[in-house]
Amino acid sequence: MRFSAWIALSSVWLAAAPALAGVDEAGKQIVISGGVSAPPPPTVIVSTPAPPTVVVTPVAPQPVYVQPPPVYVQPQPVYAPPQPVYAIEAPPQPEEDTTFALTVNPLFFFFGNVQAKVGVADWVALAGQFDYMYINFFGWKMWMLGVLVGVDFFFTGRAPEGPFLGPRIGFDHFNWTDGNGGVEVIRAGLAGGYQWVWDSGFALLIGGSFTYIADIAKKDESFDSWILGIPIPTFDIAIGFGS
């Protein structure tokens, strides 16, 4: 601004200078030669105020919502160890325990018996036996009636059903078929076999015994000590009922 003002004043001064060369009143041209002393143009100082301070307050950015892209996660196989499977079975229905059986051996007219067994424990039954027998031994004909008692042990624990084996001891009476004389003896041995008892109550026994004359309790003159030690084997197929 100061430079521009000085230029303007200089132009004014130069424009006024030709006025020194002019004409007079008679019309003559007057030329003034020499130098014209003109004072220098004044210095004009123009104060320019400082520009105002501009404070720019930043504008808070507007929230921008960007929807995230869908993320697909492939499912990983999950291994589960197999769990044991227990099948719950219905509790077995308790069977009706058989405690008694009575059988008869009618198939052998000359050699038969009637047997009874009473279970007193799972493995044990008391046994009773009535024997009848006809013997024709080398022309010696005699008949026998006897009673045996014992204890039977059942291997399956279901007395009186199943396989069994047990001791026997009893008393027998032998007599000749013609009625002349007789003898009473003590007989001992073993008996065994298998006995079935069905739900219907039908019983079947297949077995036998092996006994011998252990002692003579009473005799007459017709019998001698030869009877001692005589073995008496039996084979039984008996039928009956049980409960």
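The sequence shown finishes on residue 298 if you use the working numbering, and the numbering steps up by one all the way, no holes. Glycine residues also receive a C-beta, built at the ideal position from the N, C-alpha and C atoms.
CA-to-CA, the gap between D207 and W231 works out to about 33 Å.
For L283, there is no enclosing beta strand (DSSP E), as DSSP marks it with neither H nor E. Residue environment analysis places V109 among the exposed positions, since fewer than 16 neighbouring C-beta atoms fall within 10 angstroms of its C-beta.
Out of W251, Y267, A269, Y120, the CA that lies nearest to the CA of I261 is found in W251.
In the three-state DSSP reduction, P137 falls in the coil class, being neither helix nor strand. The beta carbon of G263 lies closer than 8 Å to those of A246, G247, G248, P288, T289, F290, D291 in the same chain, with the five residues before and after it left out.
The DSSP-derived three-state label of W178 is coil. The three-state secondary structure of Y249, taken from DSSP, is strand. For the pair of segments examined, the stretch 112-123 was found not to touch the stretch 210-222: the number of CB pairs separated by less than 8 Å stays below three. Considering only K196, V202, G174, G225, the residue with the shortest C-alpha distance to E216 is G174.
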